[in-house]
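Residue numbers (this note's numbering), protein chains in the order written: chain A, 6 to 119; chain B, 663 to 777. Beta carbons are placed, not taken as given, at the ideal position from N, Cα and C, and that holds for glycine.
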């Protein structure tokens, strides 16, 4: 059974800092890994999707890496802004051509202080 | 291009009642998955529908059932509601037609409160 762990559970940093969020998974036989952002009481917004054959993906100030062999992914946020404050979730996509349900971590609650 | 649409946004039900939640997938998507998110937790996979059939199921009791229609929209039904069913219910759609998955798009969710 896949298990996903996110560290740290919460993080508070001043505006402008670069930061790294960590995600680990127990079963390396993933099809892809997806990072999401969730604002309080809202749905999930997809940030980055990394296929199992890829090492990283970039979008603007965000960069996500994937190391299947070690069961780890990181989300790097450059030059953080108050608007980045949210909960960040990583989710491992299973087999079945990637069609199996996602397994989520509990998230990292991020606060960027102005 | 409309994303994933869920209705209703909020719902209050009494313990023992039954509830139906609805989801319209993103245009071009053919697969719908449902997730339950308790407060402070990550979403938990309930089940997934493709070609109007339940394709995969998470660790949820039979009180949770679903349906997918020919237009790819979906319903989640929960019978005999328990207080512990109170949660945010998220619908996610994806395109599985070619046998590959290119990520999921989530809706804004339905907040269910059981009293």
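- Straight across, the Cα-Cα distance linking residue 734 of chain B with residue 692 of chain B is about 6 Å.
- In the DSSP assignment, residue 96 of chain A falls within the beta strand (DSSP E) that extends over 91-98.
- The residue from B:754, B:722 and B:771 with its alpha-carbon nearest to that of residue 712 of chain B is B:754.
- Burial check for residue 58 of chain A: the Cβ neighbour count within 10 Å stays below 16, so the residue is exposed.
- Judged by DSSP in its simplified three-state form, residue 87 of chain A adopts helix.
- Nearest in C-alpha terms to residue 39 of chain A, of all of A:45, A:16 and A:9, is A:9.
- For residue 692 of chain B, the three-state secondary structure derived from DSSP is coil.
- For residue 80 of chain A, the closest C-alpha among the options A:47, A:44, A:48 and A:60 is that of A:60.
- Shown here, residue 72 of chain A sits in a strand according to DSSP, grouped into three states.
- Cβ contact annotation for residue 688 of chain B (same chain, cutoff 6 Å, sequence separation greater than five): 665, 666, 755 and 767, in chain order.
- Close to residue 51 of chain A, with beta-carbon spacing below 9 Å, are these residues of chain B in chain order: 765, 766, 767 and 768.
- At least one CB of chain A lies nearer than 8 Å to the CB of residue 707 of chain B.
- Contact check between the region 80-91 of chain A and the region 12-30 of chain A: three or more CB pairs, one atom from each, fall below 8 Å, which counts as touching.
- For residue 30 of chain A, the enclosing beta strand (DSSP E) covers residues 24-30.
- Chain order gives no chain A residues near residue 669 of chain B, where near means a beta carbon separation below 7 Å; the closest approach is about 13 Å.
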